[in-house]
Structure formats: C-alpha cells, structure tokens
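Trainee: Take this structure, written in structure tokens, and hold onto it; I'll ask about it next.
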Amino acid sequence: MQAAKITRLYEKHVLDVASRRLVLVSGQGSKVRDSEGREYLDFGTGIGVNCLGHAPPALTEVLVEQSRKLVHTSNLYYHEGQATYARALNALIGPGKVFFTSSGVEAIETILKAARRWGARSGRFEIITAKNSFHGRTLAGIAATGQEKVRCDFGPVMPGFVHVPFNDLGAVEAAITDRTLAVLIEGVQGEGGVVPATAEYLIGLRRLTRKSGHLLLLDEVQCGGFRAGRFQSYQRILEDIKEDFMPDGVAMAKAIGAGYPLGAAWIADPYSMMMDYGSHGTTYGGSPLACAVGLRVLELIQAERLDENIRTQGEALRAGLTALSGRRHIATVRGLGGMIGVELAGITAAAAVRSLADQGLIVVPAGQHVLRYLPPFNVSAAEIETAVEISRAVLC
Ligand SMILES: *Cc1c(COP(=O)(O)O)cnc(C)c1O
Numbered sequence: 019m020q021a022a023k024i025t026r027l028y029e030k031h032v033l034d035v036a037s038r039r040l041v042l043v044s045g046q047g048s049k050v051r052d053s054e055g056r057e058y059l060d061f062g063t064g065i066g067v068n069c070l071g072h073a074p075p076a077l078t079e080v081l082v083e084q085s086r087k088l089v090h091t092s093n094l095y096y097h098e099g100q101a102t103y104a105r106a107l108n109a110l111i112g113p114g115k116v117f118f119t120s121s122g123v124e125a126i127e128t129i130l131k132a133a134r135r136w137g138a139r140s141g142r143f144e145i146i147t148a149k150n151s152f153h154g155r156t157l158a159g160i161a162a163t164g165q166e167k168v169r170c171d172f173g174p175v176m177p178g179f180v181h182v183p184f185n186d187l188g189a190v191e192a193a194i195t196d197r198t199l200a201v202l203i204e205g206v207q208g209e210g211g212v213v214p215a216t217a218e219y220l221i222g223l224r225r226l227t228r229k230s231g232h233l234l235l236l237d238e239v240q241c242g243g244f245r246a247g248r249f250q251s252y253q254r255i256l257e258d259i260k261e262d263f264m265p266d267g268v269a270m271a272k273a274i275g276a277g278y279p280l281g282a283a284w285i286a287d288p289y290s291m292m293m294d295y296g297s298h299g300t301t302y303g304g305s306p307l308a309c310a311v312g313l314r315v316l317e318l319i320q321a322e323r324l325d326e327n328i329r330t331q332g333e334a335l336r337a338g339l340t341a342l343s344g345r346r347h348i349a350t351v352r353g354l355g356g357m358i359g360v361e362l363a364g365i366t367a368a369a370a371v372r373s374l375a376d377q378g379l380i381v382v383p384a385g386q387h388v389l390r391y392l393p394p395f396n397v398s399a400a401e402i403e404t405a406v407e408i409s410r411a412v413l414c
C-alpha cells in the first residue's frame, strides 16, 4: 500500500494521540526501512523495546516453535513456561513472586495494588513518587506520574499520590505522613529526560523506608531488562556499593519481550502474600507464548553477553556524544548503559529528532529538550560511530 494511503487511513480511523512521521516497512538488526526504501539506523528501538534489533531470528524461532504447541491458556491453568520464566526472574532479583502482564503500566498497577493491599491493614494509602517521573497512562498511572501534562482534563485524579523532586532524599523524608505507604521511583527517569538515580539516593531511600516501615517500589519498565547493563538499573547503579539493597516491588516491561508485549511485576516476599486468591488477575498475562519469548530473550542476552555489549557500546556512545557537548545544539550528555540522554540547546527535541531522521538516524525525544538514544543490545561499534557522526553533522 502507498505511504500516502496509509497515513490517510490513520487520519480517518486511528485515534490521533501520537505524533507520527515515517511509514516503516521492515527492519533487520539495527536498521529499519521506510516506505520510500530509505534505511535508518534505529536507536529509538520502539522506545527501548527492540533490544535484539529488528526481526531477530531467535524471536521468530521461539514464536514459531511455541505457537505450534500452545499460544494461550488463561491463568486458570498451569503451564511450564510461566513457572520457569518466573523462576528465572526471581533468580535475577531476589526472593519474591512474579505476576505477568502485557504492558508496563499493568505491571505498575500490580505493584501499586499490592502496596495498597498491604496498607489497607493500617489505613495507609499514600504513595510518594518523583516529579518528572513517568509511570504509564492508565488512571492510576497518570496519577502516579509526576508530570501535569499527562493528567490534563482526565480528572478527578485518583487520590493518594504525592510528588517530590527526584534524587532528593530530604524531600521524601519531609513528605512522609501517617498516611504514607510507599515510595515509587524509576531507577533512571526515562520520559523525564534520562536522569539516573544516584547510588546515595537509592541507598538512602532503602534505609529510610526500612526504618519508617514503608515500601520501596521501582519502576524498571524502561531502564530495566538489561538496558542499563545489568538486569535492573538499580543493580547497575549500586554494583560498587557493599550494602545490601532489595526493593519491595519492581515493575518491568519494554526490553524484556524484545518486541513481544510482555510485562512483569515482581513483589518481594512476604508482601507477595498480600496478593492472594482473587485479588488480581489478567486474561493475557503470562501466556505460554509470552513466557517462551521472555525466557528465550533472557537466555540469549546472557549467552551472548549482550548485557556487556550494551554496556560497552553505551559507554562509547556516551563518550562520543560527550566529546560534542558544548558545541551548537548539544548542551550536556548523561545516562547509563544503553540509555543516553542529550540535553539540547537552541533546538527542540522534536525538531532535532526530525533532522536526525532526515540524515538516517532514529532517536526518540524525552520531553521538550532532551534526545533519548536507546540502541539495541547487539549494536556494533561501527553503528555507534555512525550514530555519533550523524549527531555531530546535524547538531554541531
Ligand atoms: C513505558 C513506560 C511505562 C508504561 O509502559 P506501557 O507498556 O506503555 O504501559 C511505565 N513506566 C516507565 C518508566 C516507562 O518508560
């Protein structure tokens, strides 16, 4: 079908809630092709999802193999894939229980519901989250999100959320009241401009919440799943710190499915017991197909050491872009692993994204003034060099 026809059909039949541009047709590895036959280096990866690049053979294989056996069962039945994938996630995080979802925000909802249930005993319900955070688009997700723009005209906003500045332990401490139940933060704020939590902040939050009897919940939907070079971003941020750190809940999605819609909520024991029979549910979550994909993605990343690759290549990208900082449109560069943010000067993120795409590089904006580079985990050194070169040509 002609590209113009496709965009016309969108106008007529699809909710106009996103600013869309290219008509994409096919992809291979780090490259994606549009309707004009133009090829792009894709460092947007569908907002940090396509961690193995486009059309990875392993994904095709597992989808074909598993779909020949069992695609969907509902959660009224047991199947091997959910058992083994949950065991694998627990081995990477800690003693707890997993609930599978089909998206990031459902994983967030799950950890929020577990927290609310735990608080119901004591009449506490308030959850402290960070300004500039992003936690998804459901009614609870937009209430949790620390950005006014996502809530605009969707009121009344679900009560029970308080927003404080990120990376500011004192602000959390000051916000705690006798209604407080939990603190929820991203390990690295994504939509909010690629801002990693500091080690001191994470350790401080854990000490504070342990002492005050509050839950610490982590939104690792974007920064987790090996994006930061370790399974969860907090594990990466704290890797040189001796002190034990275990959150009480973790939400995951995006990269863990490599493009297949897959999310997971991990809840630490003993809080996991709060979610007992009948308290929560999903029709699609944790299907044989989804779990087979999740497990295969995990095994592949570990077998091919793609966690190390994205760490090395992410560092190279960061170094390459940092060398350009201070020149024309690049103010500063920050990030962790394969999640790099470029703070722009004198150009909006939307305009920069367009100009970069015109020169063959796809990245995504994070707010109005920051570009987000989220390369696939199997990206090559040469592709990193190309991305830096295009960025230099367009932004400097
Ligand atoms: C993308 C994202 C979500 C929401 O995930 P969906 O799959 O879009 O529901 C939640 N939190 C963070 C940090 C995200 O980046």
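The sequence shown runs 19 to 414 under the working numbering. By construction, the Cβ of each residue, glycine as well, lies at the ideal position given by its N, Cα and C atoms. In this text, all values refer to a predicted model and were calculated from it rather than measured experimentally.
Hey, Ala246 and Leu354: beta-carbon distance below 8 Å or not?
Mentor: In contact: Ala246 and Leu354 (Cβ atoms closer than 8 Å).
Trainee: How big is the Cα-Cα spacing for Thr404 and Ala109?
Mentor: Cα to Cα, the separation comes out at about 37 Å.
Trainee: Who does Ser44 pair with in a DSSP beta bridge?
Mentor: Bridge partners of Ser44: Arg51.
Trainee: So the candidates are Met270, Asp171, His31 and Gly114; which of them puts its Cα closest to the Cα of Met292?
Mentor: Among Met270, Asp171, His31 and Gly114, the Cα nearest to that of Met292 is on Gly114.
Trainee: Exposed or buried, what is Ile259 when buried is set at 16 or more other beta-carbons lying within 10 Å of its beta-carbon?
Mentor: With fewer than 16 Cβ atoms within 10 Å of its Cβ, Ile259 is classed as exposed.
Trainee: Where Val11 and Cys241 are concerned, what is the direct C-alpha to C-alpha distance, given to the nearest angstrom?
Mentor: There is no way to answer for residue 11, as the model of the chain reaches only from 19 to 414.
Trainee: Considering only C-alpha positions, which residue in the set Glu127, Leu324 and Arg224 is nearest to Ala269?
Mentor: Nearest option by C-alpha distance: Glu127.
Trainee: Consider the C-beta atom of Phe152 and the heavy atoms of ligand 1; say whether any pair is separated by less than 7 Å.
Mentor: Yes, since a heavy atom of ligand 1 falls inside the 7 Å radius drawn around the Cβ of Phe152.
Trainee: What's the C-alpha gap between Gly45 and Ile365?
Mentor: Going by the C-alpha atoms only, they are around 29 Å apart.
Trainee: Would Val205 and Glu238 qualify as a contact pair, given that the criterion is a beta-carbon distance under 8 Å?
Mentor: Going by the sequence as given, residue 205 is Gly instead of Val. Cβ distance < 8 Å, so Gly205 and Glu238 count as in contact.
Trainee: Note down, in chain order, each residue of its chain lying with its Cβ closer than 7 Å to the Cβ of Gly122, except the 5 sequence neighbours on either side.
Mentor: Answer for Gly122: Gly154, Val239, Ala269, Ala271, Lys272 and Gly281, listed in chain order.
Trainee: Which one or two residues does DSSP pair with Arg390 in a beta bridge?
Mentor: In DSSP, Arg390 forms a bridge with Gly359 and Val382.
Trainee: DSSP three-state call for Met19: helix, strand or coil?
Mentor: If DSSP states are grouped into helix, strand and coil, Met19 belongs with coil.
Trainee: Does the distance between the C-beta of Ile126 and the nearest non-hydrogen atom of ligand 1 fall short of 7 Å?
Mentor: Checking every heavy atom of ligand 1 against the Cβ of Ile126, one is found closer than 7 Å.
Trainee: Indicate the three-state DSSP secondary structure (helix, strand or coil) for Gln240 in the structure shown.
Mentor: Of the three classes helix, strand and coil, the one that applies to Gln240 here is coil, per DSSP.
Trainee: Under 8 Å between the Cβ atoms of Pro394 and Leu70?
Mentor: Contact flag set, yes.
Trainee: Contact check, Ala215 vs Ile274 under 8 Å by CB: the rounded distance?
Mentor: 20 Å between Cβ atoms; not a contact.
Trainee: Spatial neighbours of Gly312 within its chain, please: CB distance less than 7 Å, with the 5 preceding and 5 following residues excluded, ordered by chain position.
Mentor: Only Tyr103, Ile274, Gly275 and Leu280 meet the Cβ criterion.
Trainee: Tell me the DSSP secondary structure of Val190 in three-state form.
Mentor: Helix at Val190.
Trainee: Using a Cβ-Cβ cut-off of 6 Å (strictly less than) and excluding sequence neighbours within five positions of Gln250, which residues of its own chain qualify?
Mentor: Cβ neighbours of Gln250 beyond the five flanking positions: Glu238 and Gly242.
Trainee: If you draw a straight line from the alpha carbon of Thr227 to that of Ile145, how long is it in whole angstroms?
Mentor: C-alpha separation (whole angstroms): 12 Å.
Trainee: Pick out whichever of Ser120, Tyr28, Cys170 and Leu235 has its Cα sitting closest to the Cα of Leu307.
Mentor: The candidate whose alpha carbon is nearest that of Leu307 is Ser120.
Trainee: Going by DSSP, what residues sit across from Arg38 in a beta bridge?
Mentor: Answer is none; Arg38 lacks a bridge partner.
Trainee: What are the start and end residues of each continuous alpha helix (DSSP H) run of 4 or more residues lying completely inside the stretch 241-278, in chain order?
Mentor: Within the stretch 241-278, the complete alpha helix (DSSP H) runs of at least 4 residues are 251-255.
Trainee: Suppose contacts are defined by Cβ-Cβ distances below 8 Å. Is Ile65 in contact with Val382 by that definition?
Mentor: Yes; because the gap between Cβ atoms is below 8 Å, this pair is in contact.
Trainee: Can you tell me whether Thr340 is helix, strand or coil according to DSSP?
Mentor: Three-state DSSP puts Thr340 in a helix.
Trainee: Note down, in chain order, each residue of its chain lying with its Cβ closer than 6 Å to the Cβ of Gly99, except the 5 sequence neighbours on either side.
Mentor: Closer than 6 Å at Cβ, skipping near neighbours: Pro306, Cys309 and Ala310.
Trainee: State yes or no: is the C-beta of Leu157 within less than 8 Å of the C-beta of Ile203?
Mentor: No, the Cβ-Cβ distance between Leu157 and Ile203 is not below 8 Å.
Trainee: State the Cα-Cα distance for the pair Arg314 and Leu40, rounded to the nearest angstrom.
Mentor: Roughly 30 Å between the two C-alpha positions.
Trainee: Within the stretch 302-339, note down every full alpha helix (DSSP H) run reaching 4 residues or more, in order along the chain.
Mentor: For the stretch 302-339, whole alpha helix (DSSP H) runs of length 4 or above, ordered along the chain, are 306-321.
Trainee: Since Val351 is in the alpha helix (DSSP H), which residue starts that stretch and which ends it?
Mentor: Val351 -> not in any alpha helix (DSSP H); beta strand (DSSP E) instead, spanning Ile348 to Leu354.
Trainee: Any heavy atom of ligand 1 closer than 7 Å to the Cβ of Ala138?
Mentor: It does not: the Cβ of Ala138 is nowhere closer than 7 Å to a heavy atom of ligand 1.
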